[in-house]
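Residue numbers (my numbering): 1 to 298.
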C-alpha cells in the first residue's frame, strides 16, 4: 500500500521533471545555434587570413598584382576578427545561465497545461524534440549550402549550373522541413512519410558532398574546407536525429497531440492574458461581520 501511495505522490514530480527536460531541449536549440556561430567566427578568421595571403601573389593577365601590397590589411582587421569569437564565446556561456532561469519560470506552466496524462506528456516531448532538431536543420543546412555555393564553388561564375542547382535544392530543403512540421502538427501520415523519405535523401546528399570534398585534393586545399566539413558533419547528425524523431512522431499519431496543440500551444487568445488580471467593479472593501459557527470544540 505504501508503494502505491509513493507512486501517486511521485507522479506530479515526474511530470514536472519531464516538463523541465522539454524546456531544456528548446533552450538547448538556442545554445547549439549560438555555438555554431562561435564555430563559424573561429573558422572565419583563418579563412580570411588565408584569402589575404593568396591575393598577395595573385596577378592578372598583364602580370600586375590584383591587390595593393603596400598596405597590410591584416594588421587592420586581424584584431577585430579575433575579438568577434571572444564576444560570441562569452554570449555562449551566458546563454545557458539565462535558459536556466527561464526554465525555472515556465516549467510549472508547462506541467499545468499537460496535466497528469503520462502518455500525452511523452508524445508532446517527442514532438517538441523533433521540432527542435528540425529548426537546427534549417540553420545547419543554410550555413552548409552557402559555404558550399560561394567559397567552395566560387559563386555563379565558377559553379555555373551546379551553383544554381544547389541554391534551388536549399529552397526545396527548407520547404520539406516546413512540410514535416506541419504534417506532424496535423497528424498527416502521407505528408510525414514523404518528409521522412526526403530527410533520408538530404542525409545521403550531404554525406556525398562531405566525402567528395575530402577526396578532392584541389578543393580540400581551399580555406573554407574546414568550416564546410564542420557544418556538413553537424548537419548530417542533426538530420539523422530529426529522421529518428520523425519516425517516433509518426508512431504516436492520433494519441491526442493534435487536440492538445490546438487547445494549449497553437491557439492564441488576445484577451486571455489580460482576463486573469481584470478586477470587477462590484468589489466592496467594507467590513462585514462573519456569523459565528459553533463546532464540536466549542
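Just so you know, even glycine gets a beta-carbon here, dropped at the ideal spot from N, CA and C.
Check: Environment of residue 232 [buried if 16+ CB atoms lie within 10 Å]; Outcome: buried
Check: Strand pairing of residue 313, partner residues [DSSP]; Outcome: Because the chain here runs from 1 to 298, residue 313 falls outside it and cannot be looked at.
Check: Buried or exposed by the 16-neighbour rule on C-beta atoms within 10 Å, applied to residue 124; Outcome: buried
Check: Residue 145, enclosing alpha helix (DSSP H) - first and last residue; Outcome: 118–147
Check: Alpha-carbon spacing of residue 212 relative to residue 101, whole angstroms; Outcome: 44 Å
Check: Three-state secondary structure (DSSP) of residue 202; Outcome: helix
Check: Contact under 8 Å by Cβ, residue 29 with residue 135; Outcome: yes
Check: DSSP state of residue 271 mapped onto helix, strand, coil; Outcome: The predicted model places residue 271 with a pLDDT of 47, which falls under 50 and marks its position as unreliable; any figure quoted below should be read in that light. DSSP places residue 271 in coil when its eight states are reduced to three.
Check: Rounded separation between residue 216 and residue 120 - CA only; Outcome: 49 Å
Check: Cβ separation of residue 92 and residue 34, assumed to be a contact under 8 Å, to the nearest whole Å; Outcome: 5 Å
Check: Segment contact flag, the region 235–255 with the region 186–193, C-beta cutoff 8 Å, min 3 pairs; Outcome: yes
Check: C-beta contact flag for residue 137 and residue 227 at 8 Å; Outcome: no
Check: Element boundaries [alpha helix (DSSP H), containing residue 174]; Outcome: 161–186
Check: Residue 97 versus 80, 70, 133, 31, residue with shortest Cα-Cα distance; Outcome: 31
Check: Short Cβ contact (8 Å threshold) for residue 163 with residue 153; Outcome: yes
Check: Beta-carbon proximity check, residue 131 vs residue 199, cutoff 8 Å; Outcome: no
Check: Buried or exposed (CB count within 10 angstroms, at least 16 for buried), residue 298; Outcome: Because the pLDDT at residue 298 is just 42, under 50, the model does not fix this residue reliably, and the value given afterwards should be weighed accordingly. By the neighbour-count rule (16 or more Cβ atoms within 10 Å), residue 298 is not buried but exposed.
Check: Rounded separation between residue 74 and residue 230 - CA only; Outcome: 25 Å
Check: For residue 209, the three-state DSSP class (helix, strand or coil); Outcome: helix
Check: Run of the alpha helix (DSSP H) containing residue 245, from where it starts to where it stops; Outcome: 225–251
Check: Residue 102 beta carbon near the ligand ZN (any heavy atom closer than 7 Å); Outcome: The model on display carries no ligand, and the ligand ZN is accordingly not part of it.
Check: For residue 150, three-class secondary structure by DSSP; Outcome: helix
Check: For residue 70, the three-state DSSP class (helix, strand or coil); Outcome: coil
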